[in-house]
Structures are given as structure tokens and as C-alpha cells.
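For reference, the structure is listed below as C-alpha cells.
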Amino acid sequence: MYYKDYFVNFAPEPAVLPNQVPEKREKTTIIDKDGKNKHVAAVKTPQQVDAFVADDPFGSGSWLKFYTGQYSSKQRWALVAHKGSYVSNIRLLSRAQIPLMMREQTGNHYVAYDAHAERRITKRFMWWPFN
């Protein structure tokens, strides 16, 4: 079950997401349909999720940051297709949709990233997508 994207194979791997989507309030100018009235309002925009993506059944993996958009408390799991730190695709799932072997390694609870416990994957060259 591999996705082909040019020269790189992307294997989908499971990840647990936080209970709530990380959001940030940003000021935005809202214009009416007429274009005459406008006002400034605070809008919540989803931020990147920092999650551990397991690469194999033995629990090795990496911490990745990626955008998921809005998700519900019942669909807190994601199937992430990535190669190194480059994330190509994300699919939100419920726990029952994850295969049993992957479900056991993924777990139920989200664990936040701790910089002292494990290093993050970083790109040596920002423009190189295959790191």
C-alpha cells in the first residue's frame, strides 16, 4: 500500500492528534457582498499539529508538523503519507478505521512533543523535498 509521487514512495503511517485543533486568533477585514461595508473581526484559524508518526510496528518514527484543518473528537487519528519531514497527504480517520496492528502502536492518547526527550527531523536544505 504505497503511494507513488514521481520518484519517491510514500508509505501511509498512523498518528494520534490532540483532542482539540490548535487555533490562533487573527484579525481579518470582512467586506459585505456590496463591497460598501467592511469591519475588522477576530477569526480562528487552524495551526499546525505536532504529532508523532510511527513508521513501523516496532514504534520507531518521527515527530512531524503538518496542517489537518478542522477535525472532531471522534476523528482524532490521521493517516500521514510522508518521506522524511515532507508530508504529502493526510487523511483523518476514526479509531475503528485504523488496521488492528497499526491501532495498537498508535495508541489512544496524544503525547505532546518534548525537545529534551527526542530530536525533531529537520531539513538540511529547505528547498530539497526528499529529505
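Going from the sequence shown to the working numbering is simple: count from 1 and add 21. Glycine is no exception: its CB is placed at the ideal position from the N, C-alpha and C atoms. Computed from a predicted structure; not experimentally measured.
Considering only C-alpha positions, which residue in the set the options is nearest to residue i?
i      : options                       : result
Val61  : Thr49, Asp53, Ala72           : Thr49
Gly90  : Tyr107, Leu113, Ala102, Asp76 : Leu113
Gln68  : Pro43, Asp76, Asp55           : Pro43
Gly128 : Gly105, Ile119, Ala136        : Ile119
Phe87  : Asp76, Ala99, Ser94, Ser81    : Ala99
What do you get for residue i, buried or exposed, if any count of 16 or more other CB atoms within 10 angstroms of its CB means buried?
i      : result
Val132 : exposed
Phe79  : exposed
Pro35  : buried
His137 : exposed
Is the beta carbon of residue i within less than 7 Å of some heavy atom of the ligand FAD?
i      : result
Thr127 : Of ligands this structure carries none, so the ligand FAD is not represented either.
Could you tell me which residues DSSP puts in a beta bridge with residue i?
i      : result
Tyr107 : Lys104
Arg46  : Lys65
Does DSSP put residue i in a helix, in a strand, or in coil?
i      : result
Ala72  : strand
Ala36  : strand
Arg124 : helix
Ala136 : coil
Arg112 : strand
His130 : coil
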